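Chemist: In our numbering, the protein residues as written are 11 to 509.
Please read through the structure below; I'll follow up with questions.
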């Protein structure tokens, strides 16, 4: 038994445990494992005996190591190793060169990126400045619009009719002005035609000589103007595109305005208005303050108390709500949250603070035309919903009711009689409140409907006037364009030749 390993073309025979134990191995079997005929012949001539024993193992190993075949293979291996080393050294140098080039390119890239970053930082600072200016201007516009809206809503039915009469008067004036404009334009056309005919008769010869030259100059001028307009239009389109991109960025940044700040602005506005109204005049009678300490984890924004000396006659909790989500243009999203989403928490605050009523001063659901309303659910019968600009009017109503309760409490001594009167008064008060709120909503809806009709009629009239004016101006333009002086001159010249 034996095994062998092939390394290049040299065979090393490694004998196993059987030969070490003295087992006889046939020489012919050993030679069959040598692939080269020349090597087999050389080995066969050297060893003439027909067997190899355990004691001959070292002689056999020494023979292979000292043979010319082993020496040649050893030299070949050394040469190959040297060639491989040279090749690897060359590859290492090439890799080092590539590494240096890549390091240099990376350093240049980093320098360029730092320059770009510095430029972008400057642009960001500039855009932030522009955004601050934009927000300031928009805030001014919002305040102006709110002021205008407050004034417009305070108009009653008589003022609306007055506006309608004024609009009708303006419409009549516009019709008269338009008719005068038409008459003046027609007169101007007649004068222009007459003057053009007279001038044409005087300058027939000049027109005949100069007409071709003028046409060429006009064509050249029009070509130049068209080219200039195309260039200007291209610049304008590029500027417009940049402006659109800037506007889109500003709109995205506008959406990131802290919603909490908007809510705080509404709360501060309500606080200032109510304080200014009831501050000095109602000292000792009205107590109005922001709530700071929650009860059972929640609190309203304000607490409004109507006092009789040190005794509380009526207590009202007030919650202010504004928009929470905005679209891509920065406009409030109507569906972001609804008024009814806050009823449960407001009723909880009313009970926790032992208040008689709760008021939700809200800017939510602006698409719903109401001034003061109440939830339809029975469990929320003591909640009132009001637009912030009418909060003081609703509070006035509660102050009047509290005054009546104060009179009842001060004048009626008998407890049972007082309870009966208060119960009747509360029933009457609830009925009056419900009827008053219903009438306010109905009148507000009627005024809003009338206002919308006025706007639509005004838009229709304005569009009709615009269409009529454009039609007459286009007619005038067509008549002027069709009045060809050159053709008229040719006709006159032809008549002169016939004469």
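Glycine included, every Cβ here is placed at the ideal spot set by N, Cα and C.
As the structure is a computational prediction, the values presented were derived from the model and not from experiment.
Have a look at residue 160 and residue 399 and give me their C-alpha separation to the nearest angstrom.
Modeler: For residue 160 and residue 399, the distance between alpha carbons rounds to 7 angstroms.
Chemist: When burial is assigned at 16 or more other CB atoms within 10 Å of the CB, is residue 426 buried or exposed?
Modeler: For residue 426, the pLDDT reaches just 49, beneath the cut-off of 50, and the residue's location in the model is therefore unreliable, although a value from the coordinates is still provided. Exposed is the label assigned to residue 426, since fewer than 16 other Cβ atoms lie within 10 Å of its Cβ.
Chemist: Quick check on this structure: which residue in 381, 285, 325 and 129 has the alpha carbon closest to the alpha carbon of residue 364?
Modeler: 325
Chemist: Between residue 368 and residue 356, which are expected to be in contact by the criterion C-beta below 8 angstroms, what is the C-beta distance as a whole number of angstroms?
Modeler: About 5 angstroms; that satisfies the 8 angstroms criterion.
Chemist: So if DSSP puts residue 372 in a beta bridge, which residue, or which two residues, is it bridged to?
Modeler: In the DSSP secondary-structure assignment, residue 372 is bridged to 331.
Chemist: Alpha carbon to alpha carbon, how far is residue 298 from residue 379? Give it in angstroms, no decimals.
Modeler: 29 angstroms
Chemist: If we ignore side chains and look at the alpha-carbon of each, how far apart do residue 132 and residue 247 end up?
Modeler: 25 angstroms
Chemist: Buried or exposed: where does residue 277 fall if 16 or more other Cβ atoms within 10 Å of its Cβ makes it buried?
Modeler: buried
Chemist: Grab the span of the alpha helix (DSSP H) containing residue 364 for me, first residue to last.
Modeler: Careful: residue 364 lies outside any alpha helix (DSSP H) and carries neither H nor E.
Chemist: Using a Cβ cut-off of 8 angstroms (strictly closer), state whether residue 364 contacts chain B.
Modeler: Chain labels in this structure do not include chain B; a single protein chain is all it has.
Chemist: On the three-state DSSP scale, how would you describe residue 415?
Modeler: In the structure shown, residue 415 sits in a helix (DSSP, three-state: H, G or I).
Chemist: Mind checking who residue 299 pairs with in its DSSP beta bridge?
Modeler: 313
Chemist: Please state if the CB of residue 394 and the CB of residue 404 are separated by a distance shorter than 8 angstroms.
Modeler: yes
Chemist: According to DSSP, is residue 380 part of a helix, a strand, or is it coil?
Modeler: coil
Chemist: Would you identify the three-state DSSP class for residue 322, choosing helix, strand or coil?
Modeler: Looking at residue 322 - three-state DSSP - the assignment turns out to be strand.
Chemist: How should residue 360 be labelled, buried or exposed, when 16 other C-beta atoms within 10 angstroms of its C-beta is the threshold for buried?
Modeler: buried
Chemist: Any idea what DSSP makes of residue 308, helix, strand or coil?
Modeler: strand
Chemist: Exposed or buried, what is residue 3 when buried is set at 16 or more other beta-carbons lying within 10 Å of its beta-carbon?
Modeler: Outside the displayed span of the chain (11 to 509) sits residue 3, for which this structure offers no information.
Chemist: Under 8 angstroms between the Cβ atoms of residue 328 and residue 311?
Modeler: yes
Chemist: Considering only C-alpha positions, which residue in the set 193, 362 and 463 is nearest to residue 307?
Modeler: 362
Chemist: CA-CA distance, residue 106 and residue 144?
Modeler: 56 angstroms
Chemist: Just tell me which of 104, 354, 373 and 413 has its CA closest to the CA of residue 391.
Modeler: If we check each option's Cα against that of residue 391, 354 comes out closest.
Chemist: DSSP beta-bridge partners for residue 393?
Modeler: 368
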